[in-house]
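The structure appears right after this line, and notes come after that.
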Amino acid sequence: MSSFFNMDSPIMRFLSRVCDLIILNLLTIVCCIPVFTAGASITALFSVTLKMVKGEESYIVRGFFKGFKENFKQSTIIWLIIAVLGFFLFMDYRAAVLLPGNMQSIFQVLIGAIVVIYLMVFTYIFPYVARFQNNIKNIFKNSLLIAVLNLPWTLVMVICPIVLAVVTFLTTTTLVYGSMLWILFGFATVAYCNSIIFRKVFAKYEPKEEEETSEGLPDDYQLPEETAAKEEAPSK
1 MSSFFNMDSP IMRFLSRVCD LIILNLLTIV CCIPVFTAGA SITALFSVTL KMVKGEESYI
61 VRGFFKGFKE NFKQSTIIWL IIAVLGFFLF MDYRAAVLLP GNMQSIFQVL IGAIVVIYLM
121 VFTYIFPYVA RFQNNIKNIF KNSLLIAVLN LPWTLVMVIC PIVLAVVTFL TTTTLVYGSM
181 LWILFGFATV AYCNSIIFRK VFAKYEPKEE EETSEGLPDD YQLPEETAAK EEAPSK
């Protein structure tokens, strides 16, 4: 019985991680409430979860607000761009319904393809900001490039949250219980699971001590010179 309450036991470590995710989830939701701060909040979320998967983050609240403050300006600009693009895509899709005949189907397919690209960039862009230093133009470009070069993982990270959201809205019962789970720890848990994948993916593009060339990219392509890992000592 004493081993059960040992802080190093698997059960206690699991419960501690669940508590951390609950705290992180609530912080993220609260900081998203003003809406325009959502980008900074999502970036702060990933700045913590990317460290959690390596066991590097021991102060959840402090780490969250540090990431929020450090990336606020850049993340907010990116969020506003993402929000405006999403709004126009939604309006274009609705407008396509008014087109006659085959034109409606053609435009809906085209918009659907753009939405897929949009979701791929959205999936990577805030974790990228949390992990690397770069300018906004290159952040968008590299987020799309990395998403395409790691397409199987990208599809997993795009599809799984969509499936969870669809399941949440299936019935009144799933909506009630699903909403409770999302509010309690859902967003942080998804971010944590995705961060396990992001760690594997980003490791290919982290600057090395002796060279800046990114592994896994085409031979004639390099991440922009101003790209740099935010952590002082990335894992080898």
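First residue of the sequence shown? That's 1 in our numbering, and the numbers climb one at a time after it. For every residue, glycine included, the Cβ atom is placed at its ideal position computed from N, Cα and C. Every value quoted in this text rests on a predicted model; they were computed, and no experiment measured them.
Cutoff 7 Å; reference residue i; Cβ partners in own chain excluding five residues on either side
| i | result |
| --- | --- |
| Gln74 | Val129, Ile136 |
| Gln104 | Ala96, Val97 |
| Thr173 | none |
| Ile183 | Ile29 |
| Met91 | none |
Close beta carbons around residue i, own chain, < 6 Å, minus the five adjacent residues each side
| i | result |
| --- | --- |
| Tyr93 | Ile111 |
| Leu144 | Val121 |
| Asn25 | Phe185, Phe187, Ala188 |
| Arg199 | Val53 |
| Glu212 | Caution applies to Glu212, whose pLDDT of 42 falls short of 50 and renders its modelled position unreliable; the value that the coordinates give is listed next. Same-chain partners within the cutoff: there are none. |
Residue nearest to residue i in terms of C-alpha spacing, selected from the options
| i | options | result |
| --- | --- | --- |
| Phe107 | Leu119, Leu89, Phe122, Val121 | Leu89 |
| Phe65 | Pro152, Met12, Ala44 | Ala44 |
| Ala83 | Gly101, Leu50, Asn102, Ala38 | Ala38 |
| Asp20 | Val35, Pro34, Lys51 | Lys51 |
| Asn134 | Pro161, Pro207, Pro34 | Pro207 |
| Ala191 | Ile42, Ile162, Val18, Tyr177 | Ile42 |
| Leu151 | Val163, Leu119, Pro10, Val18 | Leu119 |
Residue i versus residue j - alpha carbon distance
| i | j | result |
| --- | --- | --- |
| Lys204 | Val167 | 34 Å |
| Ser47 | Gly86 | 24 Å |
| Ser179 | Phe68 | 25 Å |
| Ser16 | Phe140 | 35 Å |
| Arg131 | Thr189 | 18 Å |
| Val53 | Ile114 | 32 Å |
| Ser214 | Val158 | Reliability of the predicted coordinates at Ser214 is poor, the pLDDT of 41 falling under 50, and the value obtained from them is presented with this limitation in mind. Cα to Cα, Ser214 sits roughly 24 Å from Val158. |
| Trp153 | Ile197 | 7 Å |
| Thr49 | Lys230 | 14 Å |
| Cys160 | Asn102 | 32 Å |
| Leu149 | Thr123 | 14 Å |
| Gly55 | Arg13 | 11 Å |
| Val320 | Val156 | The chain is shown from 1 up to 236; residue 320 falls before or after that span and cannot be answered. |
| Leu27 | Ala165 | 21 Å |
| Ile162 | Pro10 | 31 Å |
| Leu181 | Phe169 | 13 Å |
Pair within 9 Å by beta-carbon distance, residue i and residue j
| i | j | result |
| --- | --- | --- |
| Ile23 | Ile60 | yes |
| Pro127 | Asn194 | yes |
| Phe187 | Ile33 | no |
| Val201 | Ile146 | yes |
Cutoff 8 Å; reference residue i; Cβ partners in own chain excluding five residues on either side
| i | result |
| --- | --- |
| Ala40 | Cys31, Phe68, Asn71, Phe72, Ser75, Thr76, Trp79 |
| Ile125 | Ile78, Ile82, Ile139, Phe140, Ser143 |
| Phe36 | Thr76, Trp79, Leu80 |
| Val18 | Phe185 |
| Thr171 | none |
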